[in-house]
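Q: Just so you know, this note's numbering puts 219 at position 185 of the sequence shown, and the rest follows in order with no gaps.
Ideal placement from N, C-alpha and C gives every residue a C-beta, glycine not left out.
Predicted model, so just to flag it, every value in this text is computed and none were measured.
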Amino acid sequence: MALHPIGILGGTFDPIHYGHLRPALELLETLELAEVRFVPCRVPAHRAAPSVTAEQRLALARLATADQPGFVADDRELRREGPSYMVDTLASLREELGDAPLCLLLGADAFRELPSWRCWRELTRWAHLVVMRRPGATQLLPPLLAEFVAPRLLDDPLALRREPAGGILFQPVTQLDISATRIRALLARGQSPRYLLPEAVLAAIRDQALYRSLFIETSIPA
Ligand code: ATP
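#1: So Val121 and Arg71 are in contact, right, with Cβ under 8 Å, and what is the actual spacing, rounded?
#2: CB of Thr46 to nearest heavy atom of the ligand ATP: below 7 Å?
#3: Which of helix, strand or coil does DSSP assign to Arg76?
#4: State buried or exposed for Glu111, treating a residue as buried only when at least 16 other CB atoms are found within 10 Å of its CB.
#5: Using a Cβ-Cβ cut-off of 7 Å (strictly less than) and excluding sequence neighbours within five positions of Arg128, which residues of its own chain qualify?
#6: Helix, strand or coil for Gln173 per DSSP?
#7: Under a CB-based cut-off of 8 Å, is Thr123 close to chain C?
#8: I need the straight-line Cα distance from Leu94 to Leu244, nearest angstrom please.
#9: At the level of alpha carbons, what is the spacing between Arg155 and Leu65?
#10: Around the Cβ of Leu174, are there at least 16 other Cβ atoms within 10 angstroms (buried) or fewer (exposed)?
#11: Under 8 Å, do His162 and Ile217 count as touching if we go by C-beta distance?
#12: CB-CB under 6 Å to Arg168, same chain, minus the five flanking residues each way: which ones, in chain order?
#13: Within the present structure, is the beta-carbon of Gly53 separated from the nearest heavy atom of the ligand ATP by less than 7 Å?
#14: For Arg113, is the classification buried or exposed, using 16 other Cβ atoms within 10 angstroms of its Cβ as the cut-off for buried?
#15: Can you look up Arg91 in the DSSP assignment and give me helix, strand or coil?
#16: Give the DSSP-derived three-state secondary structure of Ser150 in the structure shown.
#17: Does the stretch 47-60 come close enough to the stretch 183-202 that 3 or more CB-CB pairs lie under 8 Å?
#18: Which same chain residues, not among the five before or five after Phe204, have their C-beta less than 7 Å away from its C-beta?
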């Protein structure tokens, strides 16, 4: 088998920003992925409810990915009831895509939290894991995770094509110190998050007055 793997980047995308998009583009090119699917969660399983609706976050992800060949916004978690568990998402992608190699793309921070995810050990049954790490950074893992990684560790990106799932690859990417939390905080303070996220996303946030309640709440003088 030498199929090009399909990348999956799940997240809250509240909102999507260049810290998601740039590493995803680098992986698309360096790992020669067939595509990267951005999968916004309906209800995040691991954090407080976002301040805009899932449909609005999906629409922003669609705007951000529209002009990049190979980027796709995938709405499957919005079509499913209940909390969005990645293990269910990967199972549904596997059902749809047959034997194609799947790669779950994870930031190093998200990877460290993996043992708190539902059925986390099953993730590698459905997909490879690709951890986007800062170039040169050492990856000191908690013992539970280190034990999980050791027998699955891949050192050659080409190995991702040989099996549909099961490996773990640490791949250096340019990391941008950008978070959605910071973008929301800037909007809340009435400051501009320009250049941290695509112009089209920022224009939609402004046009639709998204994150505005946050803005109004925090900008009224005491
Ligand atoms: P928040 O600040 O609201 O927690 P976030 O900016 O971290 O959000 P998420 O939607 O939670 O974004 O992230 C989705 C995925 O993208 C996760 O795997 C996360 O590790 C990764 N990610 C987020 N920001 C970056 C970044 N700046 N560089 C690399 N990966 C990132």
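A: With the structure as the only source:
#1: That pair is no contact at about 16 Å.
#2: yes
#3: coil
#4: buried
#5: Leu136 and Trp160
#6: coil
#7: Going by chain labels, chain C is absent from the structure shown, which holds only one protein chain.
#8: 11 Å
#9: 24 Å
#10: exposed
#11: no
#12: Gln209
#13: yes
#14: exposed
#15: helix
#16: helix
#17: no
#18: Val165, Arg167 and Gln173
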